[in-house]
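Worksheet for the structure shown next.
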Ligand code: B4P
């Protein structure tokens, strides 16, 4: 199963992705983590993206698409992927569909974590104090939210139209959010099985 964890910055995508890896054996592909790793390693790519990330903007589609394709090639026999923080734009979503189709795969489920802006700001403020991540300061965070609303949120109706979207309340405790995600995944795979069965039986029953 290929899953997208969707939501605004600091919604808890990374937190939940790590748990799904431990409990369900997915491979987590977090473009944010990959970009931060490139920065820490001081690679040419890391140096190119540092200022963009610190300003709260999205790095170019070409860069993140290449990072994802490299990882899909590296983990050819993986049972499933969690796309965490990717796609974030329409061209990224289109590129993901194409690259998965080449591998006879598709996106099976998109989980949207809903968290209100005040709670998001509280979370990044806490993380800024604890970890000092430059893009977690309140001013930059506002720009990240704007980028999400302008460039990423427009993907939601696309996945809803395809009946892949599940909404999860991301305001609860980490455990409560985890339980809701598991329920949404179980429902999605049940629906897929039902769809498969009705096709097999020759109609939309
Ligand atoms: P990301 O790395 O994706 O952003 P994030 O803030 O880490 O979001 P996430 O939702 O994963 O939050 P987390 O679980 O850590 O992106 C960073 C930057 O990289 C972007 O701004 C952009 O510049 C660049 N980038 C990345 N992908 C890109 C792409 N595809 N295209 C272009 N540019 C891209 O949770 C946040 C905090 O909340 C943590 O401290 C956590 O402990 C806490 N928390 C989590 N769940 C909680 C809960 N239920 N209750 C209370 N606290 C919770």
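In the working numbering, the protein residues as written are 842 to 1046.
We put the CB at the ideal spot given by N, CA and C, even for glycine.
Quick one: residues in its chain with C-beta nearer than 6 angstroms to the C-beta of residue i, no 5 flanking neighbours on either side, listed in chain order?
i            : result
residue 868  : 916, 919 and 922
residue 937  : 928
residue 1044 : Because residue 1044 carries a pLDDT of 43, less than 50, the predicted location of this residue cannot be relied on, and the following value inherits that uncertainty. So the list is empty, once near-sequence residues are dropped.
residue 1030 : none
residue 952  : 846, 1007, 1009, 1022 and 1025
residue 860  : 1019
residue 965  : 851, 977 and 982
residue 995  : none
Please determine whether the Cβ atom of residue i lies at a distance below 7 angstroms from any heavy atom of the ligand B4P.
i            : result
residue 880  : no
residue 883  : no
residue 932  : no
residue 966  : no
residue 912  : no
residue 1001 : no
residue 983  : no
residue 1014 : yes
residue 929  : yes
residue 899  : yes
residue 973  : no
residue 948  : no
residue 872  : yes
residue 1022 : no
residue 1009 : no
residue 976  : yes
Could you name the residues of the same chain whose beta carbon sits closer than 7 angstroms to that of residue i, not counting the 5 residues immediately before and after it, in chain order?
i            : result
residue 1041 : For residue 1041, the pLDDT reaches just 46, beneath the cut-off of 50, and the residue's location in the model is therefore unreliable, leaving the point undetermined.
residue 849  : 956, 961, 986 and 989
residue 992  : 899, 929 and 930
residue 912  : 870
residue 908  : 872 and 875
residue 905  : 872, 927 and 933
Counting C-beta neighbours from all protein chains within 10 Å, is the total for residue i 16 or more, i.e. buried, or is it exposed?
i            : result
residue 1037 : Its pLDDT being 49, under 50, residue 1037 is placed unreliably in this model, and the coordinates cannot settle the point.
residue 1010 : exposed
residue 892  : exposed
residue 903  : exposed
residue 857  : buried
residue 1015 : exposed
residue 853  : buried
residue 897  : buried
residue 1005 : buried
Looking only at its own chain, which residues have a Cβ that is under 8 angstroms from the Cβ of residue i, when we skip the five neighbours before and after it?
i           : result
residue 879 : 886, 887 and 890
residue 873 : 855, 925 and 926
residue 881 : 887
residue 968 : 851, 974 and 977
residue 895 : 975, 976 and 981
Nearest chain B C-beta to residue i closer than 8 angstroms, yes or no?
i           : result
residue 926 : Chain labels in this structure do not include chain B; a single protein chain is all it has.
### Task
Could you pull out every unbroken alpha helix (DSSP H) segment of at least 4 residues lying fully inside the stretch 869-913, listed in chain order?
872-882 and 885-896
### Query
Any contact of the stretch 966-985 with the stretch 855-868, i.e. 3+ C-beta pairs under 8 angstroms?
no
#### Entry: In chain order, each alpha helix (DSSP H) run of at least 4 residues that lies wholly inside the stretch 921-983
931-943 and 958-972
### Query
Of all the beta strand (DSSP E) runs that stay within the bounds of the stretch 990-1038, which reach a length of 3 or more residues?
1006-1010
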